[in-house]
Structures are given as C-alpha cells and as structure tokens.
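Worksheet: the structure to be examined is printed underneath.
In my numbering, the protein residues as written are 777 to 1166.
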C-alpha cells in the first residue's frame, strides 16, 4: 500500500518536491509521488512499495498528467520486476488504470520490452529487472528533454503567431512540471514566454470539477512568479468577447491519427470559442501522446469518472484528534445524477497547431502527424505538410 510520509511544506519559498522519483531505501525500492490531491494546501508525498499502491495513486489522481503517467507506468513495471512480482500481471494492471492517456500504456510497454529482451538474451531475472529500471529512467529523461524542446518550439511559434510579445494566454487544466519529467507541456511554453518577458497574463481556467487549474496550475504559476488570474470555466467566453485572450495553450492525453485531440473536459468549448474569435488554439504534447493506431477522434475511449466528483465538493484533508479526515459537502439534492467525462475531444480543424518535441504541425493533417510519428525523437523531418522540425 502507499504510505504517506514527510512534513508538509507551505509557502512559495519552500522548494517544490519532484512529482515522481525512484528511491532505494534499505527496506527495498519504492516509487515516491508528490500527492497532487493535497495541493496547494500542503506538499506531501506517497511512497508506493508495490503496483497496487501505484495504480491506486493513478486512479485517485495523486499522480496524473499524460507524460507523467507514462513515466509512472514504466517505473511501475520496474518496481514489480525488482521486487520479484509478476511483471506481466503488473503491466496489465497498470496499462488500464486510466484508459484515455495513451502515454501510460506506452511507458509500460517500454519497460516490459526491456525486461523481456534481457530475459530472451539469457539474462537473469535480476538483470532483466535492472534493464526495466534503466528503461524507465530513459523514459523519464526523454520526457524531460522533450519538455525543454517543446517550450523552445512553442515560444518560437507564439512569436510567429503573435509578434510583439505581451501575450495573454488562456490555459486549461494543469500542464506543468506536475505532469512531466521536465517543466511540462503547454505550461512550459507559457513559462518560457514569462522568462523571455513576453507573457502579459496567464488566464487559468479553474477546470471543474476537480479544479486542476485553480489548485495546480495556479500553484505552479505562483511559484514561478508569473502574472496569472484564475477564472471560472464558464467565464472564458466573456474574456474572448472582451478581446483579452491572444492564444489558448492546452496539453493532450491522446491525439488520434486524424489530429483529433483528447484533453481535459472543457477543452473543446475553448476551441470553439477560439475559432469564433479568431484566436490561435495550440496543443502542446510530446510524440508519446500521438496515437496512430486510433484512426479518428470518435474512437478515443473517454474515461467516465464517479458522479460524486460533481455532486460533492471535497475539502482538503485535515487532522482531527490526531486522525486524518476529509470532508465532502453535497451541492446537489440527494439522488441527483451526474455526467462526468474526464475528457472531451477537439477535432483537428479547430486546432491551429500541435507542438511536439519533433516539430510543430500546422495545419494539422493526418499526413503531417504520420510524418511526426515516423520521425525519430529529436530527428529531422522532411515533411511537406507544414511540420516545422529541427
């Protein structure tokens, strides 16, 4: 099981804990997670000693975000291998912990392949476990490099789309270091603009029902010293109407072969608003989020979450009489039904560009995305379909 430990830290000056790390204490290797369900009130870690604990952390959103889920999946396989558990069973459990984010299964496959290849080459179980761990670390490092490159390419794209700086960027959900091996996806681009002195305002959708924007993006923006404002999701339209949005930047959990983008629910309405108001709508995601096997957006499996996330408001964990407790306040009449998809799907024609570490795809077409998928990481592309590669 996952055991919480560590002293919660508060205040913008406190050093942020990494979202995920591998540790090897005397009692055995563990995967350590920053518990994102407790942010921004406190920075507390979970220690996962086995795959069921990690799966629980994934399902409860203690660890979340497509790129980080891929990293978590790879380390989960390594954890099972090093501790002597059934690797195939662990891989199957991890892969389906959350169905929409394609990165999770990708990370699992990478670590399992390294494990199996080591065994097939005549290696011991210990050597195979070491190979799985090395592959998980490689997935982690690759994502960090991808994050840095996307920030660079995204900032260049903003300069092309919005010459003159002073960008007012609207974002949805959370796409910073909390979801990545590096500084994130869409948030990393906004952060690069901030560092370059080109960010005027970061508009942060609160992102109902679980408030990943208000709780997590605002937390990261405050730490970075960015000028940011949190708004109700339903207020985005008034911002567009007032001419206060220069660009929308979001991440993605899966991008189908036709360019349709699955992202946190509420993203599709922003794309419609952006198109009506002639505002660029940009998706920032690593190539690991591209899924050529899903032919079109309509085929993306959208996770349906529990209705109580909508019908109740959960307050942060508190300690009463030495015991931890949580408080859920009902906001609907008893027995109210709730529709709670975790994601929605935005068609490619509403997407101005997709920024990956391998290049920027604009316009977003099936052929251009296929070219990205066929290009090795950080490699050059000869795409003639608008993909600007290294």
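Quick reminder that beta carbons are idealized off the backbone N, C-alpha and C, glycines included. None of the values given here were measured: they were computed from a predicted structure.
Does DSSP put residue 872 in a helix, in a strand, or in coil? Looking up residue 872 in the chain shown gives position 96. If DSSP states are grouped into helix, strand and coil, residue 872 belongs with coil.
For residue 797, which of helix, strand or coil comes out of DSSP? As a first step, residue 797 must be located in the chain shown, where it is residue number 21. Three-state DSSP puts residue 797 in a strand.
Look at the alpha carbon of residue 1002 and the alpha carbon of residue 1080, and state the distance between them as a whole number of angstroms. Along the chain shown, read from residue 1 onward, the residue named residue 1002 stands at position 226. Along the chain shown, read from residue 1 onward, the residue named residue 1080 stands at position 304. Looking at the two C-alpha atoms, the distance is approximately 33 Å.
Please give me, in chain order, every unbroken run of the alpha helix (DSSP H) with length at least 4 that falls completely inside the segment 831-909. Runs found: 842-858, 863-871 and 878-896.
Cα-Cα separation, residue 1104 to residue 930: Translated into the one-based positions of the chain shown, residue 1104 becomes position 328. Translated into the one-based positions of the chain shown, residue 930 becomes position 154. In this structure, the alpha-carbon of residue 1104 lies about 40 Å from that of residue 930.
Identify whether residue 1045 lies in helix, strand or coil by the three-state DSSP scheme. Position 269 of the chain shown, counting from 1, holds the residue named residue 1045. The answer is helix: DSSP assigns residue 1045 an H, G or I state.
Can you check whether the CB of residue 926 is closer than 8 Å to the CB of residue 843? In the chain shown, residue 843 corresponds to position 67, counting from 1. In the chain shown, residue 926 corresponds to position 150, counting from 1. Not closer than 8 Å, so no.
Three-state secondary structure assigned by DSSP to residue 819: Reading the chain shown from its first residue, position 43 is the one you call residue 819. In the three-state DSSP reduction, residue 819 falls in the coil class, being neither helix nor strand.
Are the segment 824-831 and the segment 799-812 touching by the rule of at least three beta carbon pairs closer than 8 Å? Touching, yes.
Mind checking residue 1054: buried by the 16 CB within 10 Å criterion, or exposed? On the chain shown, position 278 is the one that residue 1054 refers to. Under this definition residue 1054 is an exposed residue.
Going by other Cβ atoms of all chains shown within 10 Å of its Cβ, with 16 needed for buried, is residue 1133 buried or exposed? As a first step, residue 1133 is located in the chain shown; it is residue number 357 there, counting from the start. Buried, since its Cβ has 16 or more Cβ neighbours within 10 Å.
Would you kindly report the start and end of the unbroken alpha helix (DSSP H) that includes residue 952? As a position in the chain shown, residue 952 is number 176, starting the count at 1. No alpha helix (DSSP H) holds residue 952; DSSP gives it neither H nor E.
Based on the DSSP secondary-structure assignment, which residues constitute the bridge partners of residue 1039? By one-based count along the chain shown, residue 1039 stands at place 263. Beta-bridge pairing links residue 1039 to 1120.
Note down, in chain order, each residue of its chain lying with its Cβ closer than 8 Å to the Cβ of residue 956, except the 5 sequence neighbours on either side. Position 180 of the chain shown holds residue 956. Leaving aside the five residues that flank residue 956 on each side, the residues in its chain whose CB is nearer than 8 Å to its CB run, in chain order, 795, 841, 843, 844, 919, 920, 923 and 964.
What are the boundary residues of the beta strand (DSSP E) that residue 977 is part of? Here residue 977 corresponds to residue number 201 of the chain shown, with the count starting at 1. Element bounds for residue 977: 975-981.
Would you mind stating whether residue 1015 and residue 946 have Cβ atoms separated by less than 8 Å? Numbered from its first residue, the chain shown carries residue 1015 at position 239. Numbered from its first residue, the chain shown carries residue 946 at position 170. Yes, the pair counts as a contact, with Cβ atoms nearer than the cut-off.
Does the beta-carbon of residue 1138 have 16 or more other beta-carbons within 10 angstroms, so that it is buried, or is it exposed? In the chain shown, residue 1138 corresponds to position 362, counting from 1. Under this definition residue 1138 is a buried residue.
Sort out for me which residues DSSP pairs residue 1031 with in a bridge. Start at 1 with the first residue of the chain shown, and residue 1031 comes out as number 255. Note: residue 1031 is bridge-paired with 1037 and 1066 in the DSSP secondary-structure output.
Tell me whether residue 986 sits in a helix, a strand or coil according to DSSP, three-state version. Translated into the one-based positions of the chain shown, residue 986 becomes position 210. Here residue 986 carries a coil assignment [DSSP, helix/strand/coil].
Following the continuous beta strand (DSSP E) through residue 1114, name the residue where it begins and the one where it ends. Here the question's residue 1114 lines up with position 338 in the chain shown. Taken as a continuous stretch (DSSP letters only), residue 1114 belongs to no beta strand (DSSP E), as it is neither H nor E.
Taking the alpha-carbon of residue 1109 as reference, which of 1088, 1121 and 910 has the nearest alpha-carbon? In the chain shown, the residue the question calls residue 1109 occupies position 333. Out of 1088, 1121 and 910, 1088 has the C-alpha closest to the C-alpha of residue 1109.
Status (buried if at least 16 other CB within 10 Å, exposed otherwise) for residue 995: Walking along the chain shown from the start, residue 995 turns up at place 219. Classification for residue 995: buried.
Residue 1004 to residue 1125, Cα distance in whole Å? Here residue 1004 corresponds to residue number 228 of the chain shown, with the count starting at 1. Here residue 1125 corresponds to residue number 349 of the chain shown, with the count starting at 1. Annotation: residue 1004 to residue 1125 spans about 29 Å, alpha carbon to alpha carbon.
So the candidates are 797, 802 and 1119; which of them puts its Cα closest to the Cα of residue 988? As a first step, residue 988 is located in the chain shown; it is residue number 212 there, counting from the start. Comparing C-alpha distances from residue 988 to each of 797, 802 and 1119 shows the shortest one belongs to 1119.
Under 8 Å: do the segment 931-945 and the segment 1020-1030 share three or more Cβ pairs, one atom per stretch? The segment 931-945 is in contact with the segment 1020-1030.
Name the two residues that bound the continuous alpha helix (DSSP H) containing residue 967. Position 191 of the chain shown, counting from 1, holds the residue named residue 967. Unbroken alpha helix (DSSP H) run through residue 967: 962-971.
Rounded C-beta distance between residue 855 and residue 801? I'm assuming under 8 Å. Reading the chain shown from its first residue, position 79 is the one you call residue 855. Reading the chain shown from its first residue, position 25 is the one you call residue 801. Contact check for residue 855 and residue 801: beta-carbon distance about 13 Å, past the 8 Å limit, so the pair fails to qualify.
Under a Cβ-count criterion, where at least 16 other Cβ atoms within 10 Å of its own Cβ denotes burial, should residue 1168 be classed as buried or exposed? Residue numbering for the chain in the displayed model covers 777 to 1166; residue 1168 lies beyond these limits and cannot be assessed.
Is the CB-CB distance between residue 959 and residue 953 below 8 Å? Taking the first residue of the chain shown as position 1, residue 959 is located at position 183. Taking the first residue of the chain shown as position 1, residue 953 is located at position 177. Cβ atoms of residue 959 and residue 953: closer than 8 Å.
How many Å lie between residue 891 and residue 935 at the Cα? Within the chain shown, numbered from 1, the residue matching residue 891 stands at position 115. Within the chain shown, numbered from 1, the residue matching residue 935 stands at position 159. For residue 891 and residue 935, the distance between alpha carbons rounds to 44 Å.
With H, G and I counted as helix, E and B as strand and the rest as coil, what does DSSP make of residue 1081? Sequence index remark: in the chain shown, residue 1081 carries index 305 (1-based). Shown here, residue 1081 sits in coil according to DSSP, grouped into three states, outside any helix or strand.
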